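Residue numbers (the numbering used here): 174 to 582.
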């Protein structure tokens, strides 16, 4: 017997849950099923990120990332206040440690102004010391609207709202979407690990599995997901005394990663990291994890090799940091020179899903594709968690056109 719904959402991370919630909020008559393959929501990217509410300062003006991060941050903070999700708008500093970084720091600041990011201030060495006494830099940016949040807690709230506020909608755990069949009437039947689910429409927010779900559903993307692991260290009690809130470097403009940084966590403690290391297992979080399927798929995509050819020095440097605590510490000491070996202890890891194009470039913006009765979120890297509610709004607008939802009212 099939479980029949109006819309099937694939993926129980913050983007999938926010999308289901936003769709039901506007169309409460729709029965929506969220299919999550793990035994809890936010198991992968959402639950393993750095827990930062991003401001929107880094992103190219006019891009999806810029608009949805700024809009999403404001909506996320309001939502967190309304639903008692733990968060703190503590601010952060972006620190330039060398004169060569100053031009890009100025560009980052200009991006923030163009994107409408509030509470920005160019700061000097003295002001850096007032905000973060242990940090060393020649100039920086104060970003007062940046904060920290419990993203796993956010997902639990969204799950509960979907199931309690909207009659007939439900989040199904341990329910992996394995196969898709489009019926003559246009409805789609999904074979899962918990039986058959049927829906008029599908919205995939599958994160690390986004390209595979799109291909299985019959709408393969020209982009491929490649995983990058980020390793974190925790600061010991002695190390924590050297960090008040959030300290970031000026990012390298060649890469979509922000560089190793210091983050105070919402439930206590301070993390530093992450690096960015190519993984041989999309959902493996140990340095030794290996998936033959994931490895073969990544290495058979020509864009992967072109990416390696362009950025092999960066890749080797990241691997060196992954296997050498001393080298990882050296990178951290760029921001806090007084940090010592016994100030840091190896902690958790998280994997990022990055979409690569066939020419070997990382797709630098959110990528959402619509075709027929389906919408696929192909690329949703950082700041997707911050932007999740705004991404949900965007997908609702797409769904209205793609699925003719206005006719269902």
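All C-beta atoms, glycine included, are put in the ideal place defined by N, C-alpha and C. Remember, predicted model here, so these are calculated numbers, not experimental data.
Under 6 Å Cβ to Cβ from residue 339, same chain only, skipping five residues before and after it: list those, please. 197, 201
Measure the C-alpha to C-alpha separation of residue 509 and residue 415 and round it to an integer number of angstroms. Computed Cα separation, rounded: 8 Å.
Along the alpha helix (DSSP H) that carries residue 302, what are the first and last residues, could you check? Per DSSP, residue 302 belongs to the alpha helix (DSSP H) from 298-304.
Would you identify the three-state DSSP class for residue 481, choosing helix, strand or coil? helix
Buried or exposed: which applies to residue 472, given that a residue is buried once 16 or more other Cβ atoms fall within 10 Å of its Cβ? exposed
For residue 452, tell me which candidate among 468, 271, 440 has the shortest Cα-Cα distance. 468
Quick one: Cα of residue 524 to Cα of residue 553, how far? 13 Å
Give, in chain order, every unbroken run of the beta strand (DSSP E) that is at least 3 residues long and sits entirely within the stretch 415-446. 419-422, 434-437, 443-446
Neighbour-count burial assignment, residue 348, 16 or more Cβ in a 10 Å radius: buried
Could you name the residues of the same chain whose beta carbon sits closer than 8 Å to that of residue 419, not counting the 5 residues immediately before and after it, in chain order? 225, 263, 264, 265, 266, 319, 321, 434, 435, 436, 437
Using only CA atoms, which one of 485, 514, 507 lies nearest to residue 499? 514
The alpha helix (DSSP H) enclosing residue 277, as first and last residue numbers: 275-287
Label residue 216 either buried or exposed according to how many other C-beta atoms from any shown protein chain fall within 10 Å of its C-beta, with 16 as the threshold for buried. buried
Could you pull out every residue in the same chain whose Cβ sits closer than 7 Å to the Cβ of residue 145, ignoring the five residues on either side in sequence? It is not possible to answer for residue 145, since the shown part of the chain is limited to 174 through 582.
Have a look at the DSSP bridge pairing and note the partners of residue 564. Under the DSSP definition of a beta bridge, residue 564 lacks any partner.
Between the CA atoms of residue 324 and residue 422 - distance to the nearest angstrom: 23 Å
Residue from 278, 546, 572, 271 with nearest C-alpha to residue 392: Shortest Cα-Cα distance from residue 392 to any of 278, 546, 572, 271 involves 546.
Check this for me: beta carbons of residue 379 and residue 184, under 8 Å apart or not? yes
Just checking my contact of residue 327 with residue 258 at CB under 8 Å: how many whole Å lie between their CB atoms? The pair is a contact, with the Cβ atoms about 5 Å apart (cut-off 8 Å).
Can you list, in chain order, the residues of its chain with a C-beta nearer than 8 Å to that of residue 459? Leave out the 5 residues immediately preceding and following it. 522
In whole angstroms, what is the alpha-carbon distance linking residue 377 and residue 297? 45 Å
Give the range of the beta strand (DSSP E) segment to which residue 404 is assigned. 397-408
When DSSP labels each residue in this structure, what does residue 466 get in the three-state scheme? helix
Assign residue 455 to one of three DSSP states: helix, strand, or coil. Residue 455 sits in coil when the DSSP states are folded into three classes, being neither helix nor strand.
Given a cut-off of 8 Å on the beta-carbon distance, is the pair residue 178 and residue 372 in contact? Residue 178 places its beta carbon less than 8 Å from that of residue 372.
Decide if residue 395 is buried, meaning its Cβ has at least 16 other Cβ atoms within 10 Å, or exposed. That one is exposed.
Could you tell me whether the stretch 304-317 touches the stretch 343-359, using the rule of 3 or more Cβ pairs below 8 Å? no
Find the nearest neighbour of residue 476 within the set 454, 462, 536, 518, judged by alpha-carbon distance. 536
Within 10 Å of its beta-carbon, does residue 368 have 16 or more other beta-carbons around it, so buried, or fewer, so exposed? By the neighbour-count rule (16 or more Cβ atoms within 10 Å), residue 368 is not buried but exposed.
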